[in-house]
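I have placed the structure first, in the form of C-alpha cells, so that the comments after it can refer back to it.
Number of protein chains: 4
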Amino acid sequence: MHAKESIHSNCGVVGIYGHKDASQLTYLCLFALQHRGQESAGIVSSDGKNFNHLKKRGLVSDIFSDPNTFNKLPGYIAIGHNRYSTTGGDIEANVQPLVMNLKEGPIAISHNGNLVDSSILRAELMDRGSIFQTTTDNEILIHLIARSKKESFSEKVKEAVTKVKGAYTLVIANRNELTAVRDPKGFRPLCIGRKEGAYIFASESCALDLINAKYIRDVKPGEMIVVNEDGFHSEMIFPEEKKAYCIFEYIYFSRPDSKIFGDNVDKTRRRLGKNLATEKPAEGDIVISVPDSSNTAALGYARTSDIKFEIGLIRNHYIGRTFIHPIQKQRDFSVRIKFNPVEGVIKDKRVILIEDSIVRGTTLKKLVNLIKNAGAKEIHVRISSPPIISPCYYGMDFPTKSELIANNKSVEEIRMHMKVDSLEYLTQDGLLKSVENGDNHYCTACFTGEYPVEIKESFSKGQYEED
Amino acid sequence: MHAKESIHSNCGVVGIYGHKDASQLTYLCLFALQHRGQESAGIVSSDGKNFNHLKKRGLVSDIFSDPNTFNKLPGYIAIGHNRYSTTGGDIEANVQPLVMNLKEGPIAISHNGNLVDSSILRAELMDRGSIFQTTTDNEILIHLIARSKKESFSEKVKEAVTKVKGAYTLVIANRNELTAVRDPKGFRPLCIGRKEGAYIFASESCALDLINAKYIRDVKPGEMIVVNEDGFHSEMIFPEEKKAYCIFEYIYFSRPDSKIFGDNVDKTRRRLGKNLATEKPAEGDIVISVPDSSNTAALGYARTSDIKFEIGLIRNHYIGRTFIHPIQKQRDFSVRIKFNPVEGVIKDKRVILIEDSIVRGTTLKKLVNLIKNAGAKEIHVRISSPPIISPCYYGMDFPTKSELIANNKSVEEIRMHMKVDSLEYLTQDGLLKSVENGDNHYCTACFTGEYPVEIKESFSKGQYEED
Amino acid sequence: MHAKESIHSNCGVVGIYGHKDASQLTYLCLFALQHRGQESAGIVSSDGKNFNHLKKRGLVSDIFSDPNTFNKLPGYIAIGHNRYSTTGGDIEANVQPLVMNLKEGPIAISHNGNLVDSSILRAELMDRGSIFQTTTDNEILIHLIARSKKESFSEKVKEAVTKVKGAYTLVIANRNELTAVRDPKGFRPLCIGRKEGAYIFASESCALDLINAKYIRDVKPGEMIVVNEDGFHSEMIFPEEKKAYCIFEYIYFSRPDSKIFGDNVDKTRRRLGKNLATEKPAEGDIVISVPDSSNTAALGYARTSDIKFEIGLIRNHYIGRTFIHPIQKQRDFSVRIKFNPVEGVIKDKRVILIEDSIVRGTTLKKLVNLIKNAGAKEIHVRISSPPIISPCYYGMDFPTKSELIANNKSVEEIRMHMKVDSLEYLTQDGLLKSVENGDNHYCTACFTGEYPVEIKESFSKGQYEED
Amino acid sequence: MHAKESIHSNCGVVGIYGHKDASQLTYLCLFALQHRGQESAGIVSSDGKNFNHLKKRGLVSDIFSDPNTFNKLPGYIAIGHNRYSTTGGDIEANVQPLVMNLKEGPIAISHNGNLVDSSILRAELMDRGSIFQTTTDNEILIHLIARSKKESFSEKVKEAVTKVKGAYTLVIANRNELTAVRDPKGFRPLCIGRKEGAYIFASESCALDLINAKYIRDVKPGEMIVVNEDGFHSEMIFPEEKKAYCIFEYIYFSRPDSKIFGDNVDKTRRRLGKNLATEKPAEGDIVISVPDSSNTAALGYARTSDIKFEIGLIRNHYIGRTFIHPIQKQRDFSVRIKFNPVEGVIKDKRVILIEDSIVRGTTLKKLVNLIKNAGAKEIHVRISSPPIISPCYYGMDFPTKSELIANNKSVEEIRMHMKVDSLEYLTQDGLLKSVENGDNHYCTACFTGEYPVEIKESFSKGQYEED
C-alpha cells in the first residue's frame, strides 16, 4: 500500500441546506468551482434519514452526466467537493466528500486546506486503535469527532477542530444538519449565499452566481456555523488572532469573476498589473498575456504603460486530462499543445509577456521559445507577483523548496536561463499595495518563508515522503 | 431506420504520406483542428498492405487516450477526420474516415463540405443495386469509384468527382497512395505541409504548426494531388472557374492562428473589427467581446474607436459535450453556464459588445440579459459580419431559412428583441473590404442568398427532412 | 484489413412474425439456442416502418441484460441470430443478423450454414462494383437481392438463392414480411411453431418449448415460406433432390431436448449408445460419460451392457469465454479447469468412458490422463460415432483434414496415443441404424469424405486461408 | 445509507503462503470454489512490504480476465474470497477480503461463516469511537485486532477471536504472515494443502485438486495456524468442545468431488440417496434428479431401488446473474428457463424425482408442473434430507422461519401443495446414518431447531431487519 503521509491540495467545497434540489445546486456550484480541482469530485446528500453519494475521478460534468443521477441523490442537504490533484496512493478511497458511519449515524466532510500536524495526530489515533481508510487530512477530523465524548454533534466538531492546526475550511453534513467551519487565520475563502430560503456555502462567489443565489457574506475566520431545522447558528469558536488569507488565491487560483476575502479578484488582479507596470516598466510594442490566468493583469499593465494589449497566444481548451504525447522527442511540445503563438501579432514585435508567477520555470521557458520562433524581436517578461521561494503548507500544491527556480537562482540568472531580454517581478511591497490591509491580513509565506502557523520540524521533512 | 437524406457539416480533414509516425502526426493534427468538429473523430492508417482504423464519437484526446493506440495504427500513410455535428440517424456508421473494401482493396475517405446533389445521386446508385451503409455524402463518392471502369485508381477518383457537385475537400487513402482533391470553387480550405520528407494535407495551417511541419501552399481549387512511391503529382482536373471561398471561415470558423485562403485569420478578423468601428461607431466606456471567437474583432474595434478593451465575460471551458441542465426553469441558464459577467468590469459602464454573427439570436439575447443584470448602464451590440439571411448548402451547419432571425426581422426589430440600446452589423461592403479580392473570390451566399453552385429545387426542399 | 475469404460456422437462427412481444420472444429463443453459438448474438425488429437492432459479441443473457432493451426493439416482426465462432477478421461487422438498406428499405438476414461457392460469387459481385462490408456468406445473398430486377421481394429472394449453393437456412425480415428458406438438401434444421397467432421459426424445437409455443412442423428442404399481412405462404422453390441432413446435429450439436429432422435428439443419441454397446462391448465396472454432451449415449451404453452408470467427471460451468490460464506450464490444465474426476467413483475401477466424437484428440488425451491419476484401474474409451476423417463444408466448424486425428492414425494408433486399454468407434452402419431412413437422408461427409454438394477444387483449398 | 445489521452467508476462502505465483494460484482456487459464492470475489497479495488487491462484484473468471492482472498482484502471500449473496446495502465496500490499515501495517481478512453476536459487539466498538466501513462480520474482528494491546500479531488475533462467538473460518494476511483460524465447533470446512513448498488453505479440497496441490489435512476446530518465515505453527487456542460440522455442506453446498470433514462429498451424498431408497421406496418406472446437485443422490436411490436412472431434465448453464424475464406473465417461466424436461424420457412414465432439499418450495412446485406437462403419468418426489424448519445462524443463507414451507405445512400438506402423487423426506436418523459419527459431530439445527451456539433473543429477532 503506497501512500503519502498526507495528501493535501487546494480544493473547492460546497454545502447546501434547505433546498429540495440540494444535490443539483451543489453540482452546479462544483461546476463553477471546477478550476479549484479537476482530479475528482463528489456529492453527498441527505434527506434527513439516509445518505447517498456519488464520488468519482474526473470532471464534474463527466461525473454527473447521467440525467438520473440526481434522483439517486435526494434530500434537502448536500455537500460537494472538487479535488485538485494527488500524487500517489490508493486514490479512489481519498475522493471527497469523505463519508463515514459513526455511532450517531453517517457524516460527510468536505475539506479545503491542509492540517499542519496531521502525521503526528494520525499516529496518536492509530496507537489508540483507530483504523484509517484514507490518507486525507479530514479522516483525522472524523476520528476526532467519533472519539469525542461531547453530547451534541456541534460540540464534538468544536472539540475536534480545536485539536488540529493549519488551514481548513470545512463543510460537514450529518443526517439533518449542515456545519461550516473556517480556521482562525482564514487561509482559504468560504462564502455564504442564499437562494429560495436555502443556505449555500461555497469556496468562491462565482458558484453563487451560477445558481442565481445571493451573496451574503464570508464565513469569518474562526467561525463555526450550524444550520438545522432550528435555523442558522453562528459561533466564534476561537479567540481572535492575526489573519492569514492566502494571497495566491488573488494572484492565480481564484476565478476573476469571484469575490473573495471581501474584494473582487478581477480588480485585485488588475491592480497587480498596474503596480507591476509602475514598478517595472518595459520598452515594447505590445503587451500579451499567458492566457487565461494572466489576462487581467496584462490588461492592467497595458493600460498603465499605454502599450497595446494583444492576443498573442491562442490557448487550446480541448486538452483533456489524459492527453498523450506520442512523439516525446518533439521540442517544446508539451507547451505547444497548449498554446499556439499568433504569428501575425508577434512577428517583428518587441513583446512584453505578462505571467502571474513562476514556479519551476519549465513551462515559461518553452513558451518564450515558441514566441521567439514566431518572430518576436525582443521578449520582456513581467511577473505579477514576487519570486516564489518557499513551499506552501496550507494547501497550495507547490513543489519542494529545491524545485522552486527562484530559490536557486537570482532574477538575473532566471532571465539568462529563460533567454529573454528582460525579466522583472512585482515586489513584495507592490503585492501588498494591491490588496486591502495588505500588511496585516495575508499569508505570503511562499514569497517570504515566514509561516503564520508553525511547522514542526519532523513534519516538514516527512510530508512529501512515502512511508 | 431513421436517417436524414444527407448529413453534412463543416469538418476537419488530415492526410499524411511518407512518415513512420503517420497516425500519431494525424492525431496531433486532428487535435489542432478539434474546433472544426467535436462530434466524432477517426484515423485510418495503411502500411502498404493492411488498413487499420480507430473511429469513435467523442473528442480527439479522449478517443486516442490509450498510449498503445498507435501501435494498432501502423504505417506510413494515415488520414483523419473531425466531425462537427449530426442531427439524427445511425450515427456510429457515419463516423469518418469512411472505410470500404473495393475489389482492388480497401479505401478510406475523409470529406469536408457538402455535395449539393447527393439525394439524386444516391437514388440513382441504389436503383442500380448499390447498398449504402451510411447517410454521408462521401459514401456516394466511394460507390462512384467502385463502379468506375477506369483502370488506375486516380482515374477512378477523377471520374467520380466529375459526377458530383458542391463543396468538397477530400483526402483519400488506398493501400499505397494518398489523394487530395479540392472542388473547383474551393469552398473549404486545404493546405499542404512538409515534415521530414513526408507530405501533410490539413484543413488549416494550425495543424502544421503543432507538428512543426512547414507550410508549403494551399491545394488549389480544382486540383487533384496524388502522392505515392513515385512522388507528388498535381493535376488540375477541372476547367478554371470563379472561386467561392467560404468567407465565414474567416469570420468565425477557422482558428485565429491559422492561415487559410492565403491570409492570416487573425489579421482578417481584426480588419473586420476595424472596419466595423469605422462603419458603425458607438458611444461607450468599454469594448468587450463574446469570448473567444470575437476577441480579435473586439480588439480591432477598440483600437480603431480608441475605447478601452476589457475582459467582461469569463468563459467556462469545462463544459463537456454531455453537460446536463438539471434545473431547466432557471432563466438564461444555458448561457450563464458558459459565460459569467465580471461585475467589477461591467457595473455602471456603457458596454460595447462585439459578436461575430447572429444566427437565431437566442444565445445573444440571454447574454445581453446577463450583462444588464451585472449592472451595465447601456449595451451597444456590434456584429462583425452582415445579417445572415440564407442557409448554407456547402457545409456550414446553419438552420433553415425560417429560423434565421435576420430573415424574419429588420435590424431595428432585432435590436428591440434583444433589448439593447443599439445594434449594428458590418455591411457587405465592409466585409468584402476586409479580405483580399473580396469581390471575386468569396462565397457570401449566407448574407446574400446568391449561391455560386445551383441548388436544384427538389433537393433544397428535401434535404432537411426525414425520409 | 485482415479477413478470411469466408467465415462460416454452425449457428442458431430465429424469426417471429405477428407478436407484439416479437423481440422479447426472439431473445428467449436465442437463449434456448445459446449452445449453437456463444460468440455473438443479435436481434433486429421491425414495426412495419422502422428497423431497430441490437447486435454484440457475448452471451445472449449478457447482451440483453438491460430491462429497457426491448423498448428499443419494438415491432411485431423480429429475427435473431447466435454465432458460433470466428477465427479472425473485423468481427464486429460480421455479427448477425446483417442489416442493410436496399432501395426498397432495410432488410435483415440471419443465416445458418455455409455457401460452398462464396469466394467466386463474391469476386463476381465486386467486379461489378458491389462493396462488401463483411466477410459473411449472407452479405452475398443481400447483394444478389439488391441487384435482382424482379419486382416483388419474395421473387428477388428466390432469384438470389438459386444463384448460390451449399447449406443454408435463412430467416429474412423486411419492413413487413418474414421469409424463411431452407436449402434443397436440408443440411441444417429449421422448425415452425405457433404461439398466440404468431409464427415462429427456430433452428431447434427447444426454442419453441421455452416460449411455450406449439411445434407445427419443420420447414421442408427447398421450401420458401413468406409470412405477411396476407398470411402464411409456402412454396417449394427447388426441384426435389436427395436429402443431406447433418447427422452430426444428432451426435453432438443439437440439444437433447430438441426435436430435429423429425426425431427426438435424446432418443437418437440413446440409440447411438445402445448400438455402440452391441457393436463394441467392453469389460468394465462402471460407465461414465464426458458431460454433458455424451450423457445420454452413456446411459444407453450402460443399459444395454448392464454395467453401472456413474457420474465420474464433474464439469465446471463457470468457465467464461475469457478464462485465462495464468500458469501455462501446468500439465493437463486446460482440461482440468473444465472437468474434475470424482476420485471416490473412479478409484480402482475399470472405467468405460463414453465420448460422442474425437476431432483432434487433444482434450480426450488429457482427460484420460486425469482419470488415470484419479486411480482408474483400466480405461476403455467408446465413441458414439465413426472416426472423423474429412472437414465439413456445410457449417460445422471442424479443422482442416490434416488436423483430424483419425485422418492420420489408425484406431489402434489412436488408442496407443491416448494410452488407454481399449478404444472403439461406432461403425458407419451402426450410425445409420440409429436414425430413420439412415441410408438416404443424411450427410455423413465428415465420416466418409463423400460430399453431397460438390466443392470446387480452388475453393476447397482457399477457404481456410487468409487473403 | 441502507444497511443490514449484519450480512452473512456461506462463502469460499483461500490463503496461500510461500509461492511466487501466490495470487494466480489463489485465483484458480477461487475459481474451483465458485459454487460457494457468485456475488463477488477478491484477492489480496503481499510481497512482504506492500499490499495489492483486486476486488469486485461478478464471477471469478470475469473479474480476473485481464492477463496483466497478476502482475499487479505480486508477492508470495495471497488470500482470496468468494461471496455468496447479499440482500442490501452499500455492497462494494463489503466485498472481501477486507483490507484495513492498522498501526503495524495493512491486514486483510477472508471470512466464511457468521458471528452470532455481531450487532452487540459492533455497538460496543462504536461506543468507544471505532468507525465501521462495512456491514460485514469480519470488520468487527479487525477492530478487535486493532484495539488489542498484545504485542505480537498472532496474540492480537487470538485475543480478538476469543471475544466473538459463532461460525468462522478465517484466513488473515499481514505483510509477512498468513494466519488461518477455525472456530471451536468447526461449522465450516477448511483444509490444508501443499504445493512446491507452499502452504494452501481452502474451503474445499477441490481447490487443491485444480492447482495440483496435495491435500494434507483439515484445519482442526479451534486451531490457529500461523505460517511465516519461521515455518508452520499450529496452536489449539480453545478448550475442546463438541463439534458442529454443518451437515448441509454434504447435502447440497459443497462440490461432489470435494473431501470435507474427512469424507468424500460424493460418497456421502450417494449414501443419502441409498438410505432414502431404503426408508422411502417408491413405485416408479424411472428415477430422475434435479440437476446437478441431486445427481449423486438420485444415482444412489436408483441403484438401491433397482429402478432406471434417467436424465429427464436438461439444465441450461448459460443463465448469467443478470438474466431478465421480459415476459413476466409466462407461467413457470423462472423454472423453465433453467430446466427443460426431456419429453421422450418422461412421457407416460411414473417418475421418481430426487431433490436434495425443499426451502420455500416455489421452484419445486413449478418444476413438478413442467414434468407433468411433459407427460409424466405419476410423480413421486423424494428428498434426500429431512424437512427444513429453522433458519441457520451460522452462515447458510436460509430465509426466515415463516418462509420455510416445512415450518408451516405437514408433509402431506406439502404434497398436496406440490400436486404430486407422493412426497417423502429422509429421516433425521437416516441423515445421521449417512455420515461418520453422525450423533456427535454435526450441526443439524436447520432440521431440529437445536442450535449448538446459543443465539441471544434480541439478536435473533433483529438480525434480518434494517436498522
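Going down the list, the protein sequences come from chains L, Y, R and H. Under the numbering used here, the first residue of the first sequence carries the number 1077, and numbering increases by one thereafter. Under the numbering used here, the first residue of the second sequence carries the number 1077, and numbering increases by one thereafter. Under the numbering used here, the first residue of the third sequence carries the number 1077, and numbering increases by one thereafter. Under the numbering used here, the first residue of the fourth sequence carries the number 1077, and numbering increases by one thereafter. A virtual CB, placed ideally from N, CA and C, is assigned to each residue, including glycine. Treat the numbers as computed from the prediction; the structure is a model and nothing was measured.
Query	Result
If you reduce the DSSP assignment to three classes, tell me which class R/P1332 lands in.	coil
For Y/L1499, collect the residues of the same chain with a Cβ closer than 7 angstroms to its Cβ; drop the 5 residues on either side in sequence, then sort them by chain order.	V1457, V1487, I1490 and R1491
Are there 16 or more other CB atoms within 10 angstroms of the CB of L/N1392, so buried, or fewer, so exposed?	buried
Chain L partners of H/F1208, CB-CB under 7 angstroms?	N1177
Check the Cβ-Cβ distances between L/Y1093 and every residue of chain Y, and say whether any is below 7 angstroms.	no
Along the chain, which unbroken stretches of the alpha helix (DSSP H) at least 4 residues long are found entirely within the region 1186–1225 of chain L?	1194–1203 and 1213–1223
Tell me, which residues are paired with L/S1310 by DSSP?	L/I1301
Determine the chain H residues that contact L/I1216 at a beta-carbon separation under 9 angstroms, and present them in chain order.	In chain order: nothing, as chain H lies at least about 12 angstroms away.
Does the beta carbon of L/K1343 sit closer than 7 angstroms to a beta carbon anywhere in chain Y?	yes
When you compare the CB of R/N1351 with every CB in chain H, is at least one pair closer than 7 angstroms?	no
Provide the residue(s) that pair with R/E1530 in DSSP beta bridges, ordered along the chain.	Note: R/E1530 sits in no beta bridge, so no partner.
Taking DSSP as the reference, what is the three-state secondary structure of Y/L1111?	The sequence as given places His at residue 1111 of chain Y; Leu does not occur at that position. Helix at Y/H1111.
Beta-carbon of R/R1223 versus every beta-carbon of chain Y: anything under 7 angstroms?	yes
The alpha helix (DSSP H) that contains L/R1379, what's its start and end?	N1371 to S1381
Measuring straight from C-alpha to C-alpha, what distance separates Y/S1279 and L/L1440?	30 angstroms
Could you give the distance in angstroms between the alpha-carbon of L/N1126 and the alpha-carbon of R/Y1160?	48 angstroms
Going along chain H, which residues have a C-beta under 8 angstroms from L/S1219?	Checking the displayed sequence, the identity of residue 1219 of chain L turns out to be His instead of Ser. Going along chain H in sequence order, the residues near L/H1219 (Cβ under 8 angstroms) are G1205 and I1207.
Under the DSSP definition of a beta bridge, which residues are partnered with Y/C1322?	Y/C1519
Taking R/I1413 as the query, report the chain H residues whose CB atoms sit under 9 angstroms from its CB, ordered along the chain.	L1104, F1107, A1108 and L1286
Could you name the residues of the same chain whose beta carbon sits closer than 6 angstroms to that of H/R1397, not counting the 5 residues immediately before and after it, in chain order?	Confidence at H/R1397 is low in this model, with a pLDDT of 48, below 50, so its placement is unreliable and the value that follows should be read with caution. Excluding residues within five positions, none has a Cβ falling inside 6 angstroms.
Work out the CA separation of L/K1442 and Y/S1478 for me, nearest whole Å.	50 angstroms
Would you list, in chain order, the members of the region 1120–1144 of chain H that have their beta-carbon closer than 9 angstroms to a beta-carbon of chain R?	L1135, V1136, S1137, D1138, F1140, S1141, D1142 and P1143
Closest by CA to L/I1185, which one among L/L1201, L/L1217 and L/N1086?	L/L1217
Can you tell me whether L/C1300 is buried or exposed? The criterion is at least 16 other CB atoms within 10 Å of its CB, across all chains shown.	Before going on, a small fix: residue 1300 of chain L reads as Met here, not Cys. Label assigned to L/M1300: buried.
Any beta carbon of chain R sitting closer than 7 angstroms to that of H/V1090?	no
What's the gap between the Cα of L/F1474 and the Cα of Y/D1333?	33 angstroms
Is it a yes or a no for the region 1419–1434 of chain H touching the region 1361–1369 of chain R, going by three-plus beta-carbon pairs under 8 angstroms?	no
Decide if H/H1187 is buried, meaning its Cβ has at least 16 other Cβ atoms within 10 Å, or exposed.	buried
Of all Cβ atoms in chain Y, is any one closer than 7 angstroms to the Cβ of L/H1393?	yes
Taking a contact to mean a Cβ-Cβ separation below 7 angstroms, would you say R/S1121 touches R/L1149 in this structure?	yes
For L/T1267, decide whether its Cβ has a neighbour in chain Y, counting only Cβ atoms nearer than 7 angstroms.	A small correction: the amino acid at residue 1267 of chain L is Cys; Thr does not occupy that position in the sequence shown. No - not a single Cβ of chain Y is within 7 angstroms of the one on L/C1267.
Tell me, please, whether the region 1170–1185 of chain H touches the region 1193–1204 of chain H by the rule of three or more beta-carbon pairs shorter than 8 angstroms.	no
For a contact meaning CB atoms closer than 9 angstroms, what does H/L1375 contact in chain R?	K1384, F1385, E1386 and I1387
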